[in-house]
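Here's the structure we're looking at; comments come further down.
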Amino acid sequence: MTKKLRLVGGAIIAPLRHPLLLAKEIATLDRLSEGRFVMLPTVSWHEDEYAALGIPFNRRGAILDEQLEVLAKCWQPGPVSHHGEFFNFDEVWLEPRPQRDDGPRLWFGGQEMHAPLLRRLVKYGHGFNPLGVPSDTDMKALTSGLKAAGRSLSDIELVGGINGNFETPNSLLDLDRVLEPLPAKVEAGFGTICFKPSMYIDDAKEMGAFCRSLIKKSDALLS
Numbered sequence: 001m002t003k004k005l006r007l008v009g010g011a012i013i014a015p016l017r018h019p020l021l022l023a024k025e026i027a028t029l030d031r032l033s034e035g036r037f038v039m040l041p042t043v044s045w046h047e048d049e050y051a052a053l054g055i056p057f058n059r060r061g062a063i064l065d066e067q068l069e070v071l072a073k074c075w076q077p078g079p080v081s082h083h084g085e086f087f088n089f090d091e092v093w094l095e096p097r098p099q100r101d102d103g104p105r106l107w108f109g110g111q112e113m114h115a116p117l118l119r120r121l122v123k124y125g126h127g128f129n130p131l132g133v134p135s136d137t138d139m140k141a142l143t144s145g146l147k148a149a150g151r152s153l154s155d156i157e158l159v160g161g162i163n164g165n166f167e168t169p170n171s172l173l174d175l176d177r178v179l180e181p182l183p184a185k186v187e188a189g190f191g192t193i194c195f196k197p198s199m200y201i202d203d204a205k206e207m208g209a210f211c212r213s214l215i216k217k218s219d220a221l222l223s
């Protein structure tokens, strides 16, 4: 049984779910993974998804903000009550509780450090997963915001990804070529790098060999 691997919900479109149901699902996954579940809530760009469920697309950011408030309440002991613009309920008990007293780890990401992203990172975040390398201006804004809230940049895990371009619709990526930017990513401050194995292998039986190769090649590049 693994003791180190984390279970990451890397793009959960939170506004499409009721926060009480989402809180129960997250807490259950956190328990099953012994506190190693990570969630990256997002709002998505796909308006049709919202239309199909009758959820206002142009209010998705505000819905997410209220959901995060509800989730934070759900991680506290005792019954939960909430009265907001989108969600209203009284004296709700939620079980199971998350493994951690303060709830599962939350990552937030985006293309730029816009005000809502900064606010969510500062108030709720444990990790920042930007698209690309954040600018100096973005990092200064994050550092300043965290300091104002009594936190520091060391509280935030900087998460990055490395991807490549497929040559044909059925081709796989070349791991050596994709890994070339890895040293620059680490130099920029990324402590966690995400890979999607299905971009490199077609057979799940090759997973072990792929992971061993990935570690070996990464260590060689960073040594």
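Numbering (full-length UniProt numbering), first residue to last: 1 to 223. Note that beta-carbon positions come from the ideal geometry of N, C-alpha and C, so glycine has one too. Values in this document were obtained by computation on a predicted structure and should not be read as measured data.
For this session: Less than 8 Å between the CB atoms is what I'm expecting for Phe-108 and Leu-94, so what's the real figure, rounded?
Result: That belief does not hold up - the Cβ atoms of Phe-108 and Leu-94 are roughly 23 Å apart, past 8 Å.
Exercise. What are the uninterrupted segments assigned as alpha helix (DSSP H) that are 4 or more residues long and contained completely in the region 19 to 82, given in chain order?
Worked result: If we require 4 residues or more, the alpha helix (DSSP H) runs fully inside the region 19 to 82 come out as 19 to 32, 47 to 53 and 60 to 74.
For this session: Could you check what DSSP says for Phe-195 in three-state terms: helix, strand or coil?
Result: The answer is coil: DSSP assigns Phe-195 none of H, G, I, E or B.
Problem set entry | Spatial neighbours of Phe-118 in its chain, beta-carbon cut-off 8 Å, leaving aside the 5 residues before and after | Looking at the sequence itself, residue 118 is Leu, so the reference to Phe does not match. The answer, listed in chain order, is Ala-141, Leu-142 and Gly-145.
Exercise. Taking Cβ positions, are Leu-175 and Lys-216 nearer each other than 8 Å?
Worked result: Lys-216 is positioned such that its CB atom lies no closer than 8 Å to that of Leu-175.
Exercise. When the cut-off is 8 Å and only beta carbons count, does Gln-67 lie next to chain C?
Worked result: Note that chain C does not occur in the displayed structure, where there is just one protein chain.
Exercise. When the Cα of Ser-44 is compared with those of Leu-29, Lys-185, Pro-96 and Arg-17, which residue comes out closest?
Worked result: With distances taken between Cα atoms, Ser-44 lies closest to Arg-17.
Exercise. By Cβ distance below 7 Å, which residues in the same chain neighbour Trp-75 in space, the five residues on each side in sequence not counted?
Worked result: Contacts found: Pro-98, Asp-102 and Gly-103.
Exercise. From the DSSP output, which residues share a beta bridge with Glu-157?
Worked result: According to DSSP, Glu-157 bridges with Gly-127.
For this session: Look up Leu-7 in the DSSP assignment and give the residues it is bridged to.
Result: DSSP lists Phe-37 as partners of Leu-7.
Exercise. In chain order, what residues of the same chain lie with their CB nearer than 7 Å to the CB of Asp-136, ignoring the 5 residues before and after it?
Worked result: Cβ within range, chain order: n/a, list empty.
For this session: Go ahead and pull the three-state DSSP assignment for Leu-179.
Result: Note: Leu-179 maps to coil in three-state DSSP.
Problem set entry | Contact belief for Gly-110 with Leu-158 at Cβ below 8 Å, rounded distance in angstroms | Incorrect: roughly 14 Å between the Cβ atoms, too far for contact.
Problem set entry | Identified DSSP bridge partners for Trp-93 | Trp-93 is not bridged to any residue.
For this session: Sort out for me which residues DSSP pairs Asn-88 with in a bridge.
Result: Per the DSSP secondary-structure output, Asn-88 pairs in a beta bridge with His-83.
For this session: Could you work out which residue in Ser-81, Met-199, Leu-22 and Thr-42 is closest to Phe-168 when comparing CA atoms only?
Result: With the sequence shown as reference, residue 168 is identified as Thr, and Phe is not the correct amino acid for it. Out of Ser-81, Met-199, Leu-22 and Thr-42, Met-199 has the C-alpha closest to the C-alpha of Thr-168.
Problem set entry | Residue environment, Pro-19, which counts as buried when at least 16 other CB atoms sit within 10 Å | Counting Cβ neighbours within 10 Å, Pro-19 comes out buried, since at least 16 surround it.
Exercise. Does at least one heavy atom of the ligand PLP sit under 7 Å from the Cβ of Phe-89?
Worked result: For the structure depicted, the ligand PLP is absent and the ligand set is empty, with no information on it obtainable.
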